[in-house]
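A quick write-up on the structure given underneath.
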Amino acid sequence: MPPVTVPPTAAPLRLDLSAAALIHNWRWLAAQCAPAASCGAAVKADGYGLGADAVVRHLTRAGCCDFYVATWAEAAALPADTPIAVLHGVRAEDMATALAMPNARPVLNTPGQVTTWRAAGGGRCDVMIDNGMSRLGLSADDVRDGMLTGLMIDTVMSHLACADEDSPRNAAQRDAFQALLPGITARRASLANSAGICLGAGWHFDHVRPGLALYGGMPRPEAAGHLRPVVQPMAQVLQVRDVAAGATVGYNAQWTARSDTRLAILNAGYADGYRRGFSNSGRAWIGDVALPVAGRVSMDLTAVVVPTGADVAEGDWVALDFDLTQAAAQSGLSPYELLTGLGARWARHWID
Ligand SMILES: *Cc1c(COP(=O)(O)O)cnc(C)c1O
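In structure tokens, the structure reads:
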């Protein structure tokens, strides 16, 4: 018997992704720091859920030449000529991969990683200093004790804990970082993420590493009006149904029709990252008609109300409201979680 071949099928849900908006956002961030500091791009977690490969391709075209991933698996999944820094550094079990990838360097975080890298004869590397976040990085004492002597350091960096707030910790972290720099031989210094860029020139040093803002997330009020949305989730209508007044919708009957109502059942749910927080609060759009979510978002499906007079048919595509600031408030999640939670079932469709 011949093997059964399943023809490829178009996904019933897709992300419309704007390369023009992505590039616009990178250019705006880069312009805030130019000419003193260059601008890279964090593309960890598969480009914050958009697809790291495509993000790298578009931003390389725009002139970006530094990309940050978390792990060596993420680095190895990108084209071999991508300039990459691996934020989690290098473990013994990464060493073969790390040494085989001249385009990628580790961001060394611990005394153990420094020792491992030296012992393996590793070349150029980055170094992370922890000074107030208590997450990853070498301490100021490690630096003073000479741990970095002789390393070929490209970028020495630290990371701000509260850059999205007006906190005295921002200046404290910056000053502590600044104070260490004279004792470190490195090509350049880097502190700011997206929010740190908005804090101003005093935080930019030689290089910045935005992530969220590239993808349309609003890191701080200073960026309002300057960043464009990049991600538009689109879901196809699987069924249109009319229910009578008094009918309830979805799990646990959390929505009741007050009058005879037309519903559209959409092909997206919380397993796709369209989270339960959108239950009875999210909205879809067909043209300029709003379709409010009715009842609980299910794993793979969401019901929306079709207002009287609106024209929605099985197979139509609707746009889900996904303004990251508003969606974060509705869902109780951060914009980072909303983006990185967009699942594998969305077809990722770059529209321009
Ligand atoms: C993720 C990350 C960034 C980017 O942060 P955003 O807040 O998304 O701009 C920068 N630097 C480090 C070390 C990171 O882990």
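So the number in this note's numbering is just where the residue sits in the sequence shown, counting from 1, plus 1165. Quick reminder that beta carbons are idealized off the backbone N, C-alpha and C, glycines included. Source: prediction; values computed, not measured.
Which listed residue (1381, 1387, 1412 and 1389) has its alpha carbon closest to that of residue 1397: 1381
Selected residue, minimal CA-CA separation from residue 1375, among 1329, 1342, 1411 and 1413: 1329
Residue 1391 beta carbon near ligand 1 (any heavy atom closer than 7 Å): Residue 1391: no, Cβ never under 7 Å from ligand 1.
Residue range of the unbroken alpha helix (DSSP H) whose run includes residue 1370: Run containing residue 1370: none; DSSP gives neither H nor E here.
Simplified DSSP state of residue 1514, which is helix, strand or coil: strand
Length of the line joining the Cα atoms of residue 1196 and residue 1389: Taken atom to atom, the span from the alpha-carbon of residue 1196 to that of residue 1389 is near 15 Å.
The stretch 1440-1450 touching the stretch 1169-1188, judged by at least three CB pairs closer than 8 Å: With the cut-off at 8 Å, the stretch 1440-1450 and the stretch 1169-1188 do not touch.
Residue 1362 - containing alpha helix (DSSP H), residue span: 1359-1364 is the span of the alpha helix (DSSP H), which, as asked, contains residue 1362.
Which residues DSSP lists as bridging residue 1401, in chain order: 1482
Residue 1217 Cβ short of 7 Å to ligand 3 heavy atom set: For ligand 3, the structure offers nothing, since it holds only ligand 1.
Beta-carbon proximity of residue 1401 to residue 1430, cut-off 8 Å: no
Alpha-carbon to alpha-carbon, residue 1285 and residue 1270: 13 Å
Residue 1276 burial status per 10 Å Cβ neighbour count (16 or more: buried): exposed
Option in 1391, 1494 and 1247 with minimal Cα separation from residue 1186: 1391
Rounded straight-line distance, which links the Cα of residue 1287 to that of residue 1281: About 9 Å.
Between the CA atoms of residue 1379 and residue 1188 - distance to the nearest angstrom: For residue 1188 and residue 1379, the distance between alpha carbons rounds to 8 Å.
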